[in-house]
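All you need for my numbering is the position in the sequence shown, starting with 1, plus 5.
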Amino acid sequence: MNRTIRLIVVVSLILVIAVSAVQIVQRLFGSWRIDVTQERLYTLSEGTKNVLQALQQPLTLRLYYTKTATLSAPDQIRFFNAYYEYVRALLEEYVRYSNGKIKLEIIDPRPYSQEELAAIRYGLKRFSITEEESFFFGLVAQTELGVTKMIPFFSPERENFIEYDITYLIDTAVNPPKTRVGVLSSLPVMGDDVSGYMAAMMRMQGQRPRGPWGLVRQLRELYAEVRSIPTDTEEIRDVDLLLVIHPKDLSAKTRYAIDQYILKGGRAVIALDPFSVVDRPDPAMMQYGMEHKAVSSLDDLLAAWGLEMPANTFAGDRMLAGVGSPSPNERPIKIIPYQKLTAAYGCFNKNVPMTASLNEVTFWFPGVLKKKTDSSNLPGDLELVPLMMTTKQGNSWTISHPFELRSPDYADILRRFRDGLEEQVLAYRVTGTLRSAFPDGPPKEDKEEKNGEEKQESASEETKPVSEHLSEARQPTAVVVVADVDFLSDVLAYQETIFGLAVVGNNAAFVLNALEELSGSTDLIRLRSRGGYKRPFTRVDQIERAAEEKTAEEEARIMAEIKGFETQLNEKLRALESKERELINKTILEEKKEIELKLHQAEMRLRDVKMKKVADKEALKNRIRNFCTLPGPLAVLAAAVILAVYRAAKRRYSIQHMREP
6 MNRTIRLIVV VSLILVIAVS AVQIVQRLFG SWRIDVTQER LYTLSEGTKN
56 VLQALQQPLT LRLYYTKTAT LSAPDQIRFF NAYYEYVRAL LEEYVRYSNG
106 KIKLEIIDPR PYSQEELAAI RYGLKRFSIT EEESFFFGLV AQTELGVTKM
156 IPFFSPEREN FIEYDITYLI DTAVNPPKTR VGVLSSLPVM GDDVSGYMAA
206 MMRMQGQRPR GPWGLVRQLR ELYAEVRSIP TDTEEIRDVD LLLVIHPKDL
256 SAKTRYAIDQ YILKGGRAVI ALDPFSVVDR PDPAMMQYGM EHKAVSSLDD
306 LLAAWGLEMP ANTFAGDRML AGVGSPSPNE RPIKIIPYQK LTAAYGCFNK
356 NVPMTASLNE VTFWFPGVLK KKTDSSNLPG DLELVPLMMT TKQGNSWTIS
406 HPFELRSPDY ADILRRFRDG LEEQVLAYRV TGTLRSAFPD GPPKEDKEEK
456 NGEEKQESAS EETKPVSEHL SEARQPTAVV VVADVDFLSD VLAYQETIFG
506 LAVVGNNAAF VLNALEELSG STDLIRLRSR GGYKRPFTRV DQIERAAEEK
556 TAEEEARIMA EIKGFETQLN EKLRALESKE RELINKTILE EKKEIELKLH
606 QAEMRLRDVK MKKVADKEAL KNRIRNFCTL PGPLAVLAAA VILAVYRAAK
656 RRYSIQHMRE P
């Protein structure tokens, strides 16, 4: 066997051994994963794993991405290639933890193909690249029963919540959506429920029945059923989501009904208020001197959830306060009770989907929610997540009696207000295995019977079933608590226009987001936000900023010179125009030329400075590129040279040793 054949055999054996080793390693350690990213980008949250483990039916995920078209697409389309690889790797983790319940299909929809037609029928967003090519990047989930859900487009703006979006898609595909909303309120949020006769009588008296709040109208467009729950109800049933608005003076049996509804797995958004502006007093009550209270609270329920809302206490922040005139003849001042929370000041929790996309929410006399200091009686898995808050300069302010706010003195409130050192929280999300605010069972007033009252029940009369009392929830549940009611009203959340009801700010969006998030499983609600898959070159950015700062001062000085020369030139031109009919002064023309020359020289210096800045950036780019690319080849080359020198030296040594007698 000659040397060439022996070399071929050796190389072939090495390839066989390498391929076999790869196959063996994949079989033995294929399920091993190591996520070395700083923010654990490729590691699924425990909530997602629980959702996947609970799957009872197969699910097919179809990821549509036009990968072929992106090879020749513009830069703004090719940008999505890295994002696609990240989404695909994350979906593979879903398949891995689903115990075979999830099947992943990667589809590249080509022009005029059945795959492209299917993507269009599913409703995925379509962006034209050329006359024939279209860009798709969406996800479709389909169960064996034919239920289809989709993410129309993976927007980079939702990058931090990509796990939430995918898990929400899977959860809503396999579980029936919650579509029934119950509204319990002491305010006429559902409008006046009057019959045709009563409505006619009101019109004859010059009155008009009040319509439902804008929020209720919007809920009716989104949910199959939105119904009113009486404020004296003893049990809440047949609703998937509960919206409690201004629960004023509720009886113990109604508070118990809310408590038991939540412990049985119900989800609720509760809006309380230490003083509600939209809760107007009844004129008839005022005539008889009856006291009107615009306060709502659920102190016993809040205590069971680890929260408290101090009475006659309001949140304020000078940076967030609106500006207005207390009276027509006064100067505009900061209105502390009018708080306009904005994303620019960090007023929204960006790690929670329901508040991450909010930009502005307006409150009117908002209260303050605080965590209870004594947590000994609270469940161990209780989690209180602040949703909306003031800045760190926020503080609370108090009043001695609610009557002070009948005609509030905004100037006096502003004088008394002092900036604080910590955020004032206006909304919390409460999750966990909550405990009852009525540990001893239903309130006594629900059990006591009136003395002397005789009960006569016929044999055919149906008896009312007695619900089981729960002292603790069977499984984790969730509640959202907000310390304001006015932010939901038509005064702040909506505006009536000639085109109909218009949404103002994100007041209503917060409630709709909260209801949507609460409609999912508890595991879904507790999902964390993920970090960005793109890693910025912070060190490079710092170097570039330093280079720009070096030239910024010189640029500013040259720009000032140019502006001065332009001003002088304009003055000379005006002088020439004033002498149009006279002999043109040669001195003025010479000065004009001199100024133009100086202006040209200054512009050239400015170009040189900017060119130097560009050259510095390019030099930095070249240094970084060389640093990243050259060490590897140089190291290999150095190793090859060292190895060659070593072998040559060893060969000479062997030859010399063989020649010796």
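Cβ atoms here follow ideal geometry from the backbone N, Cα and C, with glycine treated the same way.
Leu-12, buried or exposed, once every other Cβ within 10 Å from all chains shown has been counted against 16: Translated into the one-based positions of the sequence shown, residue 12 becomes position 7. That one is exposed.
Alpha-carbon spacing of Leu-625 relative to Glu-521, whole angstroms: Your numbering for residue 625 matches position 620 in the sequence shown. Your numbering for residue 521 matches position 516 in the sequence shown. So the two alpha carbons sit approximately 48 angstroms from each other.
Proximity test, Cβ basis, 8 angstroms: Lys-183 and chain B: Protein chain content of the structure displayed is limited to a single chain, and chain B is not contained in it.
Coarse secondary structure for Met-314, derived from DSSP in three states: As a first step, residue 314 is located in the sequence shown; it is residue number 309 there, counting from the start. Here Met-314 sits in coil by DSSP.
Beta-carbon proximity check, Ser-281 vs Val-490, cutoff 8 angstroms: Position 276 of the sequence shown holds residue 281. Position 485 of the sequence shown holds residue 490. Result yes, Cβ atoms of Ser-281 and Val-490 sit closer than 8 angstroms.
Buried versus exposed call for Thr-378 [16 or more other C-beta atoms within 10 Å across all chains shown]: The count along the sequence shown starts at 1 and reaches residue 378 at position 373. With fewer than 16 other Cβ atoms within 10 Å, it is exposed.
8 angstroms contact criterion, which Arg-163 and Ile-112 should meet: CB distance rounded: For this step, residue 163 is matched to residue 158 along the sequence shown. For this step, residue 112 is matched to residue 107 along the sequence shown. That belief does not hold up - the Cβ atoms of Arg-163 and Ile-112 are roughly 21 angstroms apart, past 8 angstroms.
Through-space distance from Arg-423 to Pro-337, alpha-carbon basis: Here the question's residue 337 lines up with position 332 in the sequence shown. Here the question's residue 423 lines up with position 418 in the sequence shown. Their backbone Cα atoms lie some 19 angstroms apart in a straight line.
Where Ser-659 sits in the DSSP three-state scheme: Position 654 of the sequence shown, counting from 1, holds the residue named residue 659. Of the three classes helix, strand and coil, the one that applies to Ser-659 here is helix, per DSSP.
Beta-bridge partners of Thr-436, as assigned by DSSP: Start at 1 with the first residue of the sequence shown, and residue 436 comes out as number 431. Paired residue(s): Glu-388 and Ala-483.
Cβ distance (whole Å) where Asn-86 is taken to contact Thr-75 below 8 angstroms: For this step, residue 86 is matched to residue 81 along the sequence shown. For this step, residue 75 is matched to residue 70 along the sequence shown. About 6 angstroms; that satisfies the 8 angstroms criterion.
Buried versus exposed, by CB contacts within 10 Å (16 or more), Tyr-658: As a first step, residue 658 must be located in the sequence shown, where it is residue number 653. Tyr-658 should be labelled exposed.
Neighbourhood of Gly-196 by C-beta, 6 angstroms cutoff - its chain only, sequence neighbours within 5 removed: Mapped onto the sequence shown, residue 196 falls at position 191. Once the five neighbours on either side are set aside, the close Cβ partners of Gly-196 are Arg-215, Gly-216 and Pro-217.
Simplified DSSP assignment, three categories, for Pro-636: Looking up residue 636 in the sequence shown gives position 631. The answer is helix: DSSP assigns Pro-636 an H, G or I state.
Cβ-based burial, Gln-223 [other Cβ within 10 Å; buried from 16]: Locating residue 223 in the sequence shown gives position 218, counting from the first residue. Of the other Cβ atoms in all chains shown, 16 or more fall within 10 Å of the Cβ of Gln-223; this residue is therefore buried.
Residue ranges of each beta strand (DSSP E) within the segment 140-181, 3 or longer: You should have 142-148 and 153-156.
Thr-172 versus Asn-180: straight-line alpha-carbon distance, rounded: Counted from its first residue, the sequence shown places residue 172 at position 167. Counted from its first residue, the sequence shown places residue 180 at position 175. If you take the alpha carbons of Thr-172 and Asn-180, they lie about 12 angstroms apart.
Sufficient close CB pairs (3 or more, under 8 angstroms) joining the segment 336-356 to the segment 366-374: yes
Closest Cα partner of Arg-323 within the set Gly-385, Glu-296, Gly-399 and Leu-268: Residue numbering aside, residue 323 sits at position 318 when the sequence shown is read from its first letter. Ranking Gly-385, Glu-296, Gly-399 and Leu-268 by Cα distance to Arg-323 puts Gly-399 first.
For Glu-137, the three-state DSSP class (helix, strand or coil): In the sequence shown, counting from the first residue as 1, residue 137 sits at position 132. The answer is coil: DSSP assigns Glu-137 none of H, G, I, E or B.
Nearest-angstrom Cα separation, counted from Asn-511 out to Met-359: Residue numbering aside, residue 359 sits at position 354 when the sequence shown is read from its first letter. Residue numbering aside, residue 511 sits at position 506 when the sequence shown is read from its first letter. The straight-line gap from Cα to Cα measures roughly 11 angstroms.
Secondary structure of Val-100, DSSP reduced to three states: Start at 1 with the first residue of the sequence shown, and residue 100 comes out as number 95. Correct three-state label for Val-100: helix.
Residues that Arg-272 bridges to, as DSSP identifies them: For the purposes of this step, residue 272 is taken as residue 267 along the sequence shown, with counting starting at 1. Arg-272 is bridged to Leu-246.
Terminal residues of the beta strand (DSSP E) in which Lys-339 lies: Taking the first residue of the sequence shown as position 1, residue 339 is located at position 334. From DSSP, the beta strand (DSSP E) with Lys-339 extends over 338-347.
Element boundaries [beta strand (DSSP E), containing Phe-368]: Counting from 1 along the sequence shown, the entry for residue 368 is found at position 363. Annotation for Phe-368: the continuous beta strand (DSSP E) segment containing it runs 365-369.
Buried or exposed by the 16-neighbour rule on C-beta atoms within 10 Å, applied to Ala-507: Taking the sequence shown and counting its residues from 1, one reaches residue 507 at position 502. Taking all protein chains in view, the Cβ of Ala-507 is surrounded by fewer than 16 other Cβ atoms within 10 Å, so the residue is classified as exposed.
Own chain residues within Cβ distance below 6 angstroms of Asp-245, not counting five before or after: Working through the sequence shown from its first residue, we reach residue 245 at position 240. Once the five neighbours on either side are set aside, the close Cβ partners of Asp-245 are Lys-183 and Arg-185.
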